[in-house]
Amino acid sequence: MGLVSKGAKCNVEGCDQDGARSLNTTKVENAGIRVTSSGKKSVLCKEHYKEYKKESKDERDLERARYDKF
-9 MGLVSKGAKC
1 NVEGCDQDGA
11 RSLNTTKVEN
21 AGIRVTSSGK
31 KSVLCKEHYK
41 EYKKESKDER
51 DLERARYDKF
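So in our numbering, spot 68 of the sequence shown is number 58, and the numbers just go up one at a time.
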């Protein structure tokens, strides 16, 4: 069982909604989202996950381009 299926709450400061996704804490912080988690994984609710995707789009595109076959 993962963190989300156990009923973890969102780790973003000031948010108390149920978690939808768990992500690497450093990647979430690099996207500019302040989290209260100090572990490897941070849990994000649906709204904060959407915000994370918008903020990290460029970096994720670069990461994906590294593995594309030409």
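Just so it is clear, CB atoms sit at the ideal spot from N, CA and C, and this is done for glycine as well. Just so it is clear, the structure is predicted and the values come from calculations on it, not from any experiment.
Contact under 8 Å by Cβ, residue i with residue j
i, j, result
"residue 31", "residue 52", "no"
"residue 25", "residue -2", "no"
"residue 29", "residue 15", "yes"
Contacts around residue i, its chain only, beta-carbon distance under 7 Å, and the 5 residues preceding and following it disregarded
i, result
"residue 38", "0, 2, 5, 23"
"residue 21", "42, 45, 46"
"residue 36", "10"
Reference residue i; option with closest CA among the options
i, options, result
"residue 8", "18, 28, 17, -5", "-5"
"residue 42", "-7, 11, 56", "11"
"residue 49", "35, 27, 19, -7", "19"
8 Å CB neighbourhood of residue i in its chain, flanking five on each side removed
i, result
"residue -7", "9, 12, 31, 33"
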